[in-house]
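Engineer: Just dropping this structure here.
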Amino acid sequence: MSLETQGTGCPFGFGAEAGTDTGSPAAASTTAVTAPAATHNATHHGYEPFQMKNPFPAYAALRAEEPVMFDERIDMFVVTRYDDIKAVFEDWETFSSENAQAPVRKRGPQATQIMNEGGFTAYSGLSARIPPEHTRIRGIVQKAFTPRRFKVLEPFIRQNVADRLDAMIARGQDAGAHHGEIVKDLAYEVPTITILTLLGEDLAKLDDYKRWSDSRAAMTWGDLSDEEQIPHAHNLVEYWQACLALVAKAHAEGGDNLIADLVTAQKDGAEISDHEIASVAYSLLFAGHETTTTLISNALRLLAADPAVWAQLVEDPKKIPGAIDEVLRYSGSIVAWRRKATKDAEIGGVKIPEGSGVLLVMGSANRDESKFEDPETFDITRPNAREHLSFGFGIHYCLGNMLAKLQAKIALEEATQKLPHLHVDDSESIEFRENLSFRVPVSVPVSWEA
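80 is the number of the first residue of the sequence shown in the numbering used here; add one for each residue after it.
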C-alpha cells in the first residue's frame with residue numbers, strides 16, 4: 080500500500096481526509112464551458128485547497144472527473160493533469176507568472192499599513208517576473224549561480240550534515256534511547272546555512288531567516304485573517320530590510336558570494352538594479368532553504384519508512400540520485416503553483432477567461448496515470464521519475480534545482496553511512512502544515528538500532 084494513501088496538509092491547521100465525489104464524471108476535459116459557474120461542483124471532488132495531509136485521493140478524483148475545475152473558494156481554475164500543466168508552463172505568454180507571488184488572501188489594512196510604513200517594496204526575484212524582464216535578470220543571475228559555487232560548497236555541506244547527524248546520534252545515546260527527529264535535528268538548519276553562506280549573510284541570523292520565511296509562506300500562500308497577518312507583516316519588513324542591507328554590504332565590502340557577484344556584474348555594466356538584486360536575495364533566501372528543508376525531510380520520511388528500500392541505498396549509494404527524483408515525483412515540496420490568463424484561452428477544452436487565476440497542481444501531475452505507470456507506488460528505480468514537474472517547466476524552471484538535489488544527496492549519503500538501520504516511527508501519523516502550495520511535514524520522528 081502506498082505510504083500516502085491514508086489520512087488527511089508547506090508550512091502552515093490540519094484537515095480531514097479528502098473524500099471523493101460520487102457524481103458522474105464531468106465533461107470538462109472535452110467540452111468547453113463559458114463561465115466558471117458552469118464547472119462548479121458542490122463537493123469539489125474532495126479537494127480542499129489548504130489541506131495537505133493527504134490530498135492525493137482528491138487529486139486522482141479531479142484528474143478522472145474534472146481535470147480543469149473552477150474553485151470559487153480560491154477564485155482559480157484548478158488544473159490537475161500532467162499534459163495540461165506542462166502546456167500551461169510552456170505557454171508563458173498566455174499564462175503569465177505575474178500572480179505567482181501574490182497573496183492568496185488579500186492583505187488586510189493593518190498589515191498593509193505596517194508594510195508600507197516599513198518600506199516593504201520587495202518583488203519576486205524571478206518566479207513572478209515575465210519576459211523581457213525575466214529573461215534579462217535570469218541571464219545575469221545564472222552566470223553567478225554556477226556549478227563552481229556548488230562545488231566549493233560541497234565539502235562544507237557534507238561536514239554540516241555529518242555534524243548534525245553525529246549530534247542527533249549523541250543526543251539519542253545520552254538519553255538512553257536511539258531516537259531523533261529529522262526536521263529539527265537535520266533538515267531545519269542545513270539548507271539555511273548553505274543559502275546564507277552562498278549569499279554572504281551572517282550565520283547568526285539563521286533563526287531570523289527561518290522566522291521571516293515562515294511569515295512569507297504564511298502571508299503569501301496561507302489563509303490568514305487580518306489580525307493573524309499583523310505579526311507576519313512586521314517580520315516581512317525586517318526580512319526586506321535585511322535583503323537591502325546585504326546589497327549595501329556587497330557594494331561597500333565586496334566578497335566571495337552570490338550577492339557580491341551580482342553587484343560586481345552591475346558595476347561591469349550588467350543591467351540589474353540594487354532593488355532587483357535585493358529581490359533576488361529575498362527570493363533565494365526563502366526558496367533556497369524552505370523547499371530543500373522539505374526535500375530532505377520527505378526523502379528521509381519516505382526512504383527510511385521501508386527497511387528494504389533503505390537497505391538498497393545503504394548497499395548501493397549510487398541509487399540515491401534516482402531515489403531523490405522519485406521523492407520529488409511522489410511527494411514534492413511544492414504541489415501547486417499559480418498562473419494568470421493574459422487573454423481568453425482554453426485548458427483541456429475548458430474556456431479560461433482573460434484575467435482568471437490558474438492553479439497548476441504539480442502534485443497531481445506527478446501521479447498522472449497517463450504519464451507514470453502505477454503512479455501511487457513509490458519506486459526508487461522508476462525509469463522516468465526525472466520527468467516530474469516539481470521544479471516547474473519552461474522558462475521558470477527552478478534555477479536552484481541542482482543545489483537542492485546536491486544537499487539531499489549528501490544528506491542521504493551521510494545518513495545511510497552513519498545510520499544503516501534507520502527507520503521512521505509511525506510514518507502514517509506524520510502531520511503536514513496547511514497552505515495552498517507547499518507540502519511540509521511538521522516532524523519526522525526516527526529511530527535506529529544501536
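The beta carbon of each residue, even a glycine, is placed where N, CA and C say it ideally should be.
Quick one: residues in its chain with C-beta nearer than 6 Å to the C-beta of Y161, no 5 flanking neighbours on either side, listed in chain order?
Structural biologist: Here the question's residue 161 lines up with position 82 in the sequence shown. Once the five neighbours on either side are set aside, the close Cβ partners of Y161 are A444, D447, K450.
Engineer: Can you give me the C-alpha to C-alpha distance between E405 and N463, rounded to a whole angstrom?
Structural biologist: Residue 405 sits at position 326 when you count from the first residue of the sequence shown. Residue 463 sits at position 384 when you count from the first residue of the sequence shown. Cα to Cα, the separation comes out at about 9 Å.
Engineer: Can you tell which of E433, I426, D385, A297 has the C-alpha that lies nearest to the C-alpha of G515?
Structural biologist: In the sequence shown, counting from the first residue as 1, residue 515 sits at position 436. As written in the sequence, residue 515 is Leu, which differs from the Gly given in the question. Ranking the options by Cα distance to L515, first place goes to A297.
Engineer: Considering Cα atoms alone, identify which of K397, V231, V414 is closest to F129.
Structural biologist: Here residue 129 is taken as the residue at index 50 of the sequence shown, counted from 1. Per the Cα distances, V414.
Engineer: Can you check the stretch 432-495 for any alpha helix (DSSP H) of at least 4 residues that lies completely inside it and give the ranges in chain order?
Structural biologist: List check, alpha helix (DSSP H) in window: 441-444.
Engineer: Name the DSSP bridge partner or partners of N416?
Structural biologist: Start at 1 with the first residue of the sequence shown, and residue 416 comes out as number 337. It is worth fixing the name first, because residue 416 is Trp in this sequence and not Asn. W416 is bridged to L439.
Engineer: Flag P226 as yes when its Cβ comes closer than 7 Å to any non-hydrogen atom of the ligand HEM, and as no otherwise.
Structural biologist: Absence of the ligand HEM from the depicted structure is noted, as is the absence of any ligand whatsoever, leaving it without description.
Engineer: Quick check: the Cα distance between L303 and V437, rounded to an integer number of angstroms?
Structural biologist: Within the sequence shown, numbered from 1, the residue matching residue 303 stands at position 224. Within the sequence shown, numbered from 1, the residue matching residue 437 stands at position 358. Taking the straight line from one Cα to the other gives about 21 Å.
Engineer: Quick check on M194: does DSSP put it in helix, strand or coil?
Structural biologist: Sequence index remark: in the sequence shown, residue 194 carries index 115 (1-based). DSSP places M194 in helix when its eight states are reduced to three.
Engineer: Taking only the alpha-carbon atoms, compute the straight-line gap between G125 and L275 and give it to the nearest angstrom.
Structural biologist: To locate residue 125, count along the sequence shown from 1; it is residue 46. To locate residue 275, count along the sequence shown from 1; it is residue 196. C-alpha separation (whole angstroms): 40 Å.
Engineer: Candidates A256, L382, G301: which alpha carbon is nearest T456's?
Structural biologist: Sequence index remark: in the sequence shown, residue 456 carries index 377 (1-based). Residue L382 is the option with its Cα nearest to T456.
Engineer: Helix or strand or just coil, what does DSSP make of A424?
Structural biologist: As a working mapping, residue 424 is identified with position 345 in the sequence shown. Three-state result, A424: strand.
Engineer: If you check the beta carbons only, do A223 and L341 fall under 8 Å apart?
Structural biologist: Walking along the sequence shown from the start, residue 223 turns up at place 144. Walking along the sequence shown from the start, residue 341 turns up at place 262. Yes, the Cβ-Cβ distance between A223 and L341 is below 8 Å.
Engineer: Hey, how far is the Cα of A390 from the Cα of W527?
Structural biologist: Taking the first residue of the sequence shown as 1, we reach residue 390 at position 311. Taking the first residue of the sequence shown as 1, we reach residue 527 at position 448. Each residue's Cα considered, the two are about 13 Å apart.
Engineer: Could you give the uninterrupted runs of the beta strand (DSSP E) lying entirely in the stretch 276-325, keeping only those of 3 residues or more?
Structural biologist: The qualifying runs do not exist here; there are none.
Engineer: Name the residue from A179, N377, L282, E307 whose alpha carbon lies nearest to the alpha carbon of V525.
Structural biologist: Indexing the sequence shown from 1 puts residue 525 at position 446. The residue with the shortest Cα to Cα distance from V525 is N377.
Engineer: From which residue to which residue does the alpha helix (DSSP H) around H354 run?
Structural biologist: Looking up residue 354 in the sequence shown gives position 275. Its alpha helix (DSSP H) spans residues 353-382.
Engineer: Output the distance between the C-alpha atoms of E513 and E307, rounded to the nearest integer angstrom.
Structural biologist: The sequence position of residue 513 within the sequence shown is 434, counting from 1. The sequence position of residue 307 within the sequence shown is 228, counting from 1. Each residue's alpha carbon lies about 15 Å from the other.
Engineer: Using only alpha-carbon positions, find the residue among Q252, H213, V240 that is nearest to E172.
Structural biologist: Taking the first residue of the sequence shown as 1, we reach residue 172 at position 93. Comparing Cα-Cα distances from E172 to each of Q252, H213, V240, the minimum goes to H213.
Engineer: Kindly list the residues whose CB is nearer than 6 Å to the CB of R461, restricted to its own chain and excluding five residues on each side of it in sequence; keep chain order.
Structural biologist: Translated into positions along the sequence shown, residue 461 becomes position 382. These residues qualify, in order along the chain: E405.
Engineer: CA-CA distance, F511 and V183?
Structural biologist: Within the sequence shown, residue 511 is the residue found at index 432, counting from 1. Within the sequence shown, residue 183 is the residue found at index 104, counting from 1. The straight-line gap from Cα to Cα measures roughly 19 Å.
Engineer: Could you pull the start and end residues of the alpha helix (DSSP H) that D150 belongs to?
Structural biologist: Stepping through the sequence shown from its first residue, residue 150 is reached at position 71. Careful: D150 lies outside any alpha helix (DSSP H), inside the beta strand (DSSP E) at 147-150.
Engineer: Contact between the stretch 498-506 and the stretch 344-363: three or more CB pairs below 8 Å?
Structural biologist: Touching, no, given that fewer than three Cβ pairs across the two stretches are closer than 8 Å.
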